[in-house]
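J.: Which chain is which? The protein sequence lines are A and B, in order.
Throughout the first sequence, residue numbering follows this note's numbering, covering 1 to 231 in sequence.
Throughout the second sequence, residue numbering follows this note's numbering, covering 232 to 510 in sequence.
To start, I am sharing the structure in question, which I have written as structure tokens.
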Amino acid sequence: MRNVMVIFKKQIKDTFKNKTILIQFLMFPMMTIFMGNAIHITDMPEHFFAKLFSIMYIGMAPLTSVAAIISEEKEKNTLRPLMMANVKPAEYLVGIGSYVWLICMLGASVIAVSAGFTGTEFAFYMAVMAVGFIVSILAGSAVGVYAENQMKSTSLVMPVMMILSFLPMFAMFNETIEKIARFTYTQQLSRILGDFNLDSVSNTDFVIIGINVAVFALLFNLVYHKKGLEN
Amino acid sequence: MINCRNVSKSFSSKKILKGINMDVKKGEIFGLLGPSGAGKTTLIKILTGQLKAEGDISILGMNPQSLKGDDYRKIGIMMDSFGVYERLSCIDNLRTFADIYGIPQDKVLATLEDVGLKDAAKTAAGKLSKGMRGRLQLARVFMQTPDIIFLDEPTSGLDPQTAESIRELISSKKEQGCTIFLTTHDMNEAAVLCNHLALLNEGRIVEYGTPEEICRRYNHQNKIVIHLYDGTDITLENDGTGALQIAELLSLKMVETIHSTEPNLETVFLELTGRGFCA
Numbered sequence: 001m002r003n004v005m006v007i008f009k010k011q012i013k014d015t016f017k018n019k020t021i022l023i024q025f026l027m028f029p030m031m032t033i034f035m036g037n038a039i040h041i042t043d044m045p046e047h048f049f050a051k052l053f054s055i056m057y058i059g060m061a062p063l064t065s066v067a068a069i070i071s072e073e074k075e076k077n078t079l080r081p082l083m084m085a086n087v088k089p090a091e092y093l094v095g096i097g098s099y100v101w102l103i104c105m106l107g108a109s110v111i112a113v114s115a116g117f118t119g120t121e122f123a124f125y126m127a128v129m130a131v132g133f134i135v136s137i138l139a140g141s142a143v144g145v146y147a148e149n150q151m152k153s154t155s156l157v158m159p160v161m162m163i164l165s166f167l168p169m170f171a172m173f174n175e176t177i178e179k180i181a182r183f184t185y186t187q188q189l190s191r192i193l194g195d196f197n198l199d200s201v202s203n204t205d206f207v208i209i210g211i212n213v214a215v216f217a218l219l220f221n222l223v224y225h226k227k228g229l230e231n
Numbered sequence: 232m233i234n235c236r237n238v239s240k241s242f243s244s245k246k247i248l249k250g251i252n253m254d255v256k257k258g259e260i261f262g263l264l265g266p267s268g269a270g271k272t273t274l275i276k277i278l279t280g281q282l283k284a285e286g287d288i289s290i291l292g293m294n295p296q297s298l299k300g301d302d303y304r305k306i307g308i309m310m311d312s313f314g315v316y317e318r319l320s321c322i323d324n325l326r327t328f329a330d331i332y333g334i335p336q337d338k339v340l341a342t343l344e345d346v347g348l349k350d351a352a353k354t355a356a357g358k359l360s361k362g363m364r365g366r367l368q369l370a371r372v373f374m375q376t377p378d379i380i381f382l383d384e385p386t387s388g389l390d391p392q393t394a395e396s397i398r399e400l401i402s403s404k405k406e407q408g409c410t411i412f413l414t415t416h417d418m419n420e421a422a423v424l425c426n427h428l429a430l431l432n433e434g435r436i437v438e439y440g441t442p443e444e445i446c447r448r449y450n451h452q453n454k455i456v457i458h459l460y461d462g463t464d465i466t467l468e469n470d471g472t473g474a475l476q477i478a479e480l481l482s483l484k485m486v487e488t489i490h491s492t493e494p495n496l497e498t499v500f501l502e503l504t505g506r507g508f509c510a
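Next up, the structure:
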């Protein structure tokens, strides 16, 4: 547990000096505040920008930041000294994952407050975001472990991020895309956020999100066993 | 502490290490000397479990490949290839590892002072020069007092004054009971610091012993060279036949310097391999 906290602390210190990662965490909460206050269209669904940017936040920030952090450690050869200092790979990954999850949850709480969610609404929104961040962190970890360096990580994470973030938005305008998108966790979470009602969450949603978790976990497992944390 | 028997390592078809045999005793400074590409870093990687190899290897009584968990707390490793967190300051880099090792935070600043980085404590590691970066890597190891310390070219790229202070630190770690395994190009450093040396060339240990033993073993000339104040050099056999002549020159106060002709480590290495230590 101590090593997890050390990694967590290291990342917190690093965040304020790493503009690329910092932008990832701040961009969508700031855009939600700005767009929510600047644009008012008649008949626009309630909390439209908050819900739209929340899904993009889930699909982008944890995915890219986890992949970037792990691949940078591999590229700069800073993982080796950690491992030789008896930090176990699982401790490192939990440290990075919990840090990204917590920062993203802070960002999500900013979106929630700016959208005016309180009480049950706030709890429901945060729970949906928490699940989304966990699945994205898992996907980002698989990419980060697979990529030898940051350049490869960026080129791998880009298409995954585009699909996960933008598919739910395109699905709003195109039924065919919606039929494909419904198999992604981001589309399911987008629909759940759209309905914003616990009663509307069906078993199918749980199954699809569960399958997404299983697929990314399996992918991570395969990549980790093939490449390890240091190759 | 470390025992190697017939250790070999190949990358693809190229054999990097060929039947290495050596023993490192507890509490000594062991120096591995050799030119670039001789296999020094590969041997450190094998001894620390970072690479697999053929042969019998024992470190702290274990096979390096079975080292895990707390075993690594007994081993300190400084290698040029080990990175530092470039956006974090020197002090934050060390604090991260101090937290992992459970070292008190006041030790961090003291260690930075020891390696001459106190003034750069708040400088981002990415802005350090190569030498300063090397010192930060050393500080990471010197913060703790493990059983064995591996140092890969610890004074490479450092100015003479800093290199000397690093040598003092290495000696102080030995006095604290650490066993030190270091690789170096610097023969003077090896001669001053090391209790035992191995000369590595093209994957083989070509000579092994204390620095004095190795030099004496190759003292084929066994002569005495006298340099006089008038600029003349006189070479005499070191077998007693020149004793009277030396005494006479000394009594006449003509002798500026007098040396025996035992070789240094570099000349031994040249004799053994036909090439020098230059990188």
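In this text, a Cβ means the ideal position worked out from N, Cα and C, and glycines have one as well.
1) Which residues, in chain order, does the segment 50-77 of chain A contribute to contact with chain B at a C-beta distance below 9 Å?
2) So A/D199 contacts chain B; which residues on that side make the cut at Cβ distance below 9 Å?
3) Mind pulling the chain A residues with CB within less than 8 Å of B/L274?
4) Count the C-beta pairs between the segment 215-225 of chain A and the segment 246-257 of chain B that are closer than 8 Å, then say yes if the count reaches three, no if not.
5) Alpha carbon to alpha carbon, how far is A/I192 from A/S114?
6) Hey, how far is the Cα of B/M253 from the Cα of B/G262?
7) Can a CB atom of chain B be found closer than 9 Å to the CB of A/P81?
8) State the DSSP-derived secondary structure class of B/F373, mapped to helix, strand or coil.
9) Please check if any C-beta of chain B sits within less than 9 Å of the C-beta of A/N221.
10) Using a Cβ-Cβ cut-off of less than 8 Å, give me the residues of the segment 312-337 of chain B that come near chain A, in sequence order.
11) I need the boundaries of the alpha helix (DSSP H) containing A/G140, first residue and last residue.
12) Looking only at its chain, what residues have a beta carbon closer than 8 Å to the beta carbon of B/D464, apart from the 5 residues adjacent to it on each side?
13) Could you check where the alpha helix (DSSP H) with B/S581 kicks off and where it finishes?
14) Show which residues of chain A have a CB atom less than 7 Å away from the CB atom of B/D301.
15) Please list, in chain order, the chain B residues whose beta carbon lies closer than 8 Å to that of A/V6.
16) Determine the burial state of A/N149: buried for a count of at least 16 other Cβ atoms within 10 Å of its Cβ, exposed for fewer.
17) In three-state DSSP terms, what is B/M293?
18) Quick check: the Cα distance between B/P442 and B/G362, rounded to an integer number of angstroms?
19) At a CB distance below 7 Å, what residues from the segment 13-24 of chain A approach chain B? Give them in sequence order.
20) Less than 9 Å between CB atoms is the rule here; does A/K152 satisfy it with respect to chain E?
21) Please state whether DSSP places A/H47 in a helix, a strand or coil.
22) Within 9 Å (strictly less), CB to CB, does B/R435 reach chain A?
23) Looking only at its own chain, which residues have a Cβ that is under 8 Å from the Cβ of B/L325, when we skip the five neighbours before and after it?
24) Hey, B/S512 and B/A284 are a contact pair by Cβ (cut 8 Å); roughly how many whole angstroms apart?
25) Residues in its own chain within less than 6 Å of B/C425 by CB, not counting five upstream and five downstream?
26) Quick check on B/A510: buried or exposed, where buried means 16 or more other Cβ atoms within 10 Å of its Cβ?
27) Going straight from the alpha carbon of B/V346 to that of B/I397, what length do you get?
28) What does the Cβ neighbour count give for A/A61, buried or exposed, with the cut at 16 atoms within 10 Å?
29) Taking the beta strand (DSSP E) that A/Y185 belongs to, which residues open and close that run?
30) What residues are listed by DSSP as bridge partners for B/H490?
31) Rounded to whole angstroms, what is the Cα-Cα separation between A/T186 and B/I401?
32) Using the beta-carbon of each residue, which ones in chain A are nearer than 8 Å to B/R371?
33) Which class does B/D380 belong to by DSSP, given the choice of helix, strand or coil?
34) Which whole-angstrom value describes the C-beta separation of A/Y57 and A/F28, a residue pair presumed to lie in contact below a C-beta threshold of 8 Å?
35) According to the neighbour-count rule (16 or more other Cβ atoms, all chains shown, within 10 Å of its Cβ), is A/E46 buried or exposed?
36) Taking 8 Å as the threshold, find out whether the segment 159-170 of chain A comes into contact with the segment 108-124 of chain A through three or more Cβ pairs.
T.: Inspection of the coordinates gives the following:
1) E73, E75, K76 and N77
2) The contacting residues do not exist; A/D199 stays about 47 Å from chain B at best.
3) Going along chain A, no residue has its Cβ under 8 Å from B/L274, so there is no contact; the nearest lies around 16 Å.
4) no
5) 19 Å
6) 11 Å
7) yes
8) helix
9) no
10) S312, F313, G314, V315, Y316, E317, R318, L319, D323, T327, F328, D330, I331, Y332 and G333
11) G119 to Y146
12) V456, I457 and H458
13) Since the displayed chain B opens at 232 and closes at 510, residue 581 of chain B lies outside it and no answer follows.
14) N86
15) T327, D330 and I331
16) exposed
17) strand
18) 27 Å
19) K13, D14, K17 and N18
20) Protein chains in the displayed structure are A and B, and chain E is not among them.
21) coil
22) no
23) V339, T342, L343, L367, A370, R371 and M374
24) An answer regarding residue 512 of chain B cannot be provided, because it is not within the stretch 232 to 510 covered by chain B.
25) I260 and G262
26) Since pLDDT at B/A510 reaches only 45, below the 50 mark, its modelled position is unreliable, and the value read off the structure follows with that caveat. With fewer than 16 other Cβ atoms within 10 Å, it is exposed.
27) 7 Å
28) buried
29) Counting along the chain, A/Y185 falls outside any beta strand (DSSP E), though it belongs to the alpha helix (DSSP H) covering Y185 to D195.
30) B/V456
31) 56 Å
32) P81
33) Residue identity check: residue 380 of chain B is Ile in the sequence provided, not Asp. B/I380 falls in the strand class under three-state DSSP.
34) 4 Å
35) exposed
36) no
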